[in-house]
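Just so you know, the numbering used here puts 97 at position 94 of the sequence shown, and the rest follows in order with no gaps. First comes the structure, then the notes that go with it.
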Amino acid sequence: MSKKLEGNGLWESSRMMLPQHKEQSLALSIHNDTSSKPQEPLTRKEMDMMREYILLPVALHIVEKKILEVEMSPQMLKLLYSTAAKVLANHIREDMQKSKKVLFERNIRVFEDIKNDSELTYRYICRGVENQFTMTKDYMRAEVSVRIGRYVRKLAIDMKETGIDR
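Given below as C-alpha coordinates:
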(Lines of atoms letter the chains of each structure in order from A; the text may use other names.)
(Lines give C-alpha, C1' and ligand atoms only; values in the text may rest on other atoms or scores of the structure.)
Protein backbone atom coordinates (compact mmCIF):
# COMPACT_ATOMS: atom_id res chain seq x y z
CA MET A 4 0.00 0.00 0.00
CA SER A 5 2.84 2.42 0.71
CA LYS A 6 4.06 1.93 -2.85
CA LYS A 7 0.80 3.41 -4.15
CA LEU A 8 1.18 6.45 -1.92
CA GLU A 9 4.75 7.27 -2.95
CA GLY A 10 4.13 8.06 -6.61
CA ASN A 11 0.95 10.10 -6.34
CA GLY A 12 2.11 12.63 -3.74
CA LEU A 13 -0.18 11.48 -0.96
CA TRP A 14 2.77 10.38 1.15
CA GLU A 15 4.41 13.80 0.93
CA SER A 16 1.20 15.61 1.75
CA SER A 17 0.53 13.47 4.80
CA ARG A 18 3.86 14.29 6.47
CA MET A 19 3.93 17.06 9.04
CA MET A 20 6.75 19.29 7.84
CA LEU A 21 6.93 23.05 8.08
CA PRO A 22 8.49 24.96 5.16
CA GLN A 23 11.37 26.05 7.42
CA HIS A 24 12.14 22.43 8.26
CA LYS A 25 12.12 21.51 4.59
CA GLU A 26 14.55 24.36 3.80
CA GLN A 27 16.80 23.34 6.67
CA SER A 28 16.76 19.72 5.55
CA LEU A 29 17.65 20.71 1.99
CA ALA A 30 20.40 23.03 3.22
CA LEU A 31 21.88 20.26 5.35
CA SER A 32 21.88 17.83 2.46
CA ILE A 33 23.55 20.41 0.21
CA HIS A 34 26.09 21.20 2.94
CA ASN A 35 26.90 17.52 3.36
CA ASP A 36 27.42 17.21 -0.39
CA THR A 37 29.76 20.20 -0.53
CA SER A 38 31.67 19.39 2.66
CA SER A 39 33.21 16.37 0.98
CA LYS A 40 34.79 18.66 -1.64
CA PRO A 41 38.21 20.09 -0.80
CA GLN A 42 38.01 23.69 0.44
CA GLU A 43 39.59 26.49 -1.57
CA PRO A 44 42.75 27.81 0.05
CA LEU A 45 42.76 31.32 1.45
CA THR A 46 43.55 33.86 -1.29
CA ARG A 47 46.16 36.59 -1.00
CA LYS A 48 43.40 39.21 -1.25
CA GLU A 49 41.48 37.64 1.64
CA MET A 50 44.64 37.57 3.75
CA ASP A 51 45.22 41.26 2.97
CA MET A 52 41.62 42.04 3.94
CA MET A 53 42.13 40.33 7.30
CA ARG A 54 45.31 42.33 7.89
CA GLU A 55 43.43 45.55 7.09
CA TYR A 56 40.71 44.52 9.52
CA ILE A 57 43.34 44.16 12.25
CA LEU A 58 45.63 47.10 11.43
CA LEU A 59 43.08 49.85 10.75
CA PRO A 60 41.78 49.97 14.35
CA VAL A 61 45.38 50.27 15.55
CA ALA A 62 45.98 53.14 13.11
CA LEU A 63 42.76 54.83 14.26
CA HIS A 64 43.81 54.51 17.90
CA ILE A 65 47.16 56.17 17.15
CA VAL A 66 45.54 59.03 15.20
CA GLU A 67 42.95 59.61 17.95
CA LYS A 68 45.71 59.66 20.56
CA LYS A 69 47.61 62.25 18.50
CA ILE A 70 44.44 64.36 18.21
CA LEU A 71 44.21 64.53 22.00
CA GLU A 72 47.91 65.34 22.32
CA VAL A 73 47.66 68.16 19.78
CA GLU A 74 44.51 69.60 21.34
CA MET A 75 46.21 69.71 24.76
CA SER A 76 49.42 71.23 23.40
CA PRO A 77 50.23 74.95 23.39
CA GLN A 78 50.93 74.89 19.63
CA MET A 79 49.69 77.86 17.67
CA LEU A 80 48.30 75.73 14.81
CA LYS A 81 46.71 73.09 17.02
CA LEU A 82 43.24 73.70 15.56
CA LEU A 83 44.56 73.06 12.04
CA TYR A 84 46.49 69.95 13.09
CA SER A 85 43.66 68.46 15.09
CA THR A 86 41.13 69.17 12.32
CA ALA A 87 43.34 67.46 9.74
CA ALA A 88 43.85 64.52 12.09
CA LYS A 89 40.07 64.27 12.63
CA VAL A 90 39.54 64.10 8.86
CA LEU A 91 42.17 61.35 8.74
CA ALA A 92 40.39 59.50 11.55
CA ASN A 93 37.10 59.71 9.65
CA HIS A 94 38.72 58.22 6.53
CA ILE A 95 40.16 55.39 8.60
CA ARG A 96 36.75 54.74 10.21
CA GLU A 97 35.12 54.57 6.77
CA ASP A 98 37.72 52.07 5.58
CA MET A 99 37.27 50.04 8.76
CA GLN A 100 33.54 49.79 8.06
CA LYS A 101 34.20 48.74 4.47
CA SER A 102 36.71 46.13 5.61
CA LYS A 103 34.31 44.76 8.20
CA LYS A 104 31.49 44.61 5.64
CA VAL A 105 33.59 42.78 3.04
CA LEU A 106 34.74 40.18 5.55
CA PHE A 107 31.16 39.70 6.72
CA GLU A 108 29.93 39.28 3.13
CA ARG A 109 32.63 36.68 2.48
CA ASN A 110 31.79 34.95 5.75
CA ILE A 111 35.29 35.44 7.17
CA ARG A 112 35.68 35.92 10.90
CA VAL A 113 38.87 36.99 12.66
CA PHE A 114 39.61 36.68 16.39
CA GLU A 115 42.60 37.70 18.48
CA ASP A 116 43.95 34.47 19.92
CA ILE A 117 47.32 34.81 21.67
CA LYS A 118 49.08 37.99 22.70
CA ASN A 119 52.63 38.24 24.02
CA ASP A 120 55.41 40.83 24.18
CA SER A 121 56.60 40.46 20.61
CA GLU A 122 53.70 39.08 18.55
CA LEU A 123 49.96 38.63 18.20
CA THR A 124 48.31 35.49 16.91
CA TYR A 125 44.92 35.68 15.23
CA ARG A 126 42.53 32.86 14.53
CA TYR A 127 40.27 33.05 11.49
CA ILE A 128 37.41 31.06 10.02
CA CYS A 129 37.06 31.21 6.24
CA ARG A 130 34.77 28.93 4.19
CA GLY A 131 34.40 26.65 7.18
CA VAL A 132 38.15 26.23 7.60
CA GLU A 133 39.72 27.44 10.83
CA ASN A 134 43.37 28.48 10.89
CA GLN A 135 45.64 31.10 12.40
CA PHE A 136 48.35 33.57 11.51
CA THR A 137 50.82 35.61 13.53
CA MET A 138 51.98 39.21 13.21
CA THR A 139 54.94 40.59 15.09
CA LYS A 140 54.49 43.91 16.83
CA ASP A 141 57.38 45.35 14.79
CA TYR A 142 55.60 44.37 11.58
CA MET A 143 52.37 45.90 12.86
CA ARG A 144 54.10 49.18 13.78
CA ALA A 145 55.69 49.40 10.34
CA GLU A 146 52.44 48.57 8.52
CA VAL A 147 50.40 51.02 10.61
CA SER A 148 52.99 53.73 9.88
CA VAL A 149 52.77 52.99 6.16
CA ARG A 150 48.95 53.11 6.24
CA ILE A 151 48.83 56.39 8.16
CA GLY A 152 51.35 57.80 5.66
CA ARG A 153 49.04 56.82 2.79
CA TYR A 154 46.10 58.56 4.47
CA VAL A 155 48.19 61.70 5.01
CA ARG A 156 49.34 61.74 1.36
CA LYS A 157 45.77 61.25 0.14
CA LEU A 158 44.57 64.09 2.38
CA ALA A 159 47.35 66.35 1.07
CA ILE A 160 46.42 65.50 -2.54
CA ASP A 161 42.75 66.18 -1.82
CA MET A 162 43.65 69.55 -0.29
CA LYS A 163 45.74 70.50 -3.32
CA GLU A 164 42.97 69.50 -5.72
CA THR A 165 40.40 71.62 -3.88
CA GLY A 166 42.71 74.62 -3.89
CA ILE A 167 43.36 74.73 -0.18
CA ASP A 168 47.10 74.50 -0.76
CA ARG A 169 47.32 77.92 -2.48
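Each residue gets a CB set at the ideal place from its N, CA and C atoms; glycine is no exception. As the structure is a prediction and not an experimental result, all values here were calculated from the model.
D116 - DSSP class collapsed to helix/strand/coil: strand
Beta-carbon gap between M229 and V113 smaller than 8 Å: This structure does not reach residue 229, given that the chain is present from 4 up to 169, and the question cannot be answered.
Cβ-based burial, L63 [other Cβ within 10 Å; buried from 16]: With 16 or more Cβ atoms within 10 Å of its Cβ, L63 is classed as buried.
Check whether R150 and L71 have beta carbons under 8 Å apart: The answer is no: Cβ separation not under 8 Å.
Contained beta strand (DSSP E) runs [length at least 3] in the stretch 72-147, N- to C-terminal order: 111-118, 122-129, 132-139
Closest by C-alpha distance to Y154, when choosing among L45, N134, I65: I65
Minimum C-alpha distance to D98 - residue among G166, M138, V61, S85: It is V61.
CA nearest to the CA of E55, picked from N93, K103, Y84: K103
The stretch 135-147 in contact with the stretch 111-127 per 3-pair CB rule at 8 Å: yes
Reference A88, options Y142, C129, V73, closest by Cα: V73
Alpha carbon of G166 to alpha carbon of L158, nearest angstrom: 12 Å
H94 to Q100 span [Cα, whole Å]: 10 Å
Coarse secondary structure for G166, derived from DSSP in three states: In the structure shown, G166 sits in coil (DSSP, three-state: anything other than H, G, I, E or B).
Three-state class that DSSP yields for K45 in the structure shown: One point to set straight first is that residue 45 is Leu, not Lys, in the sequence displayed. L45 falls in the coil class under three-state DSSP.
Among M162, E115, I111, nearest to P44 - alpha-carbon criterion: I111
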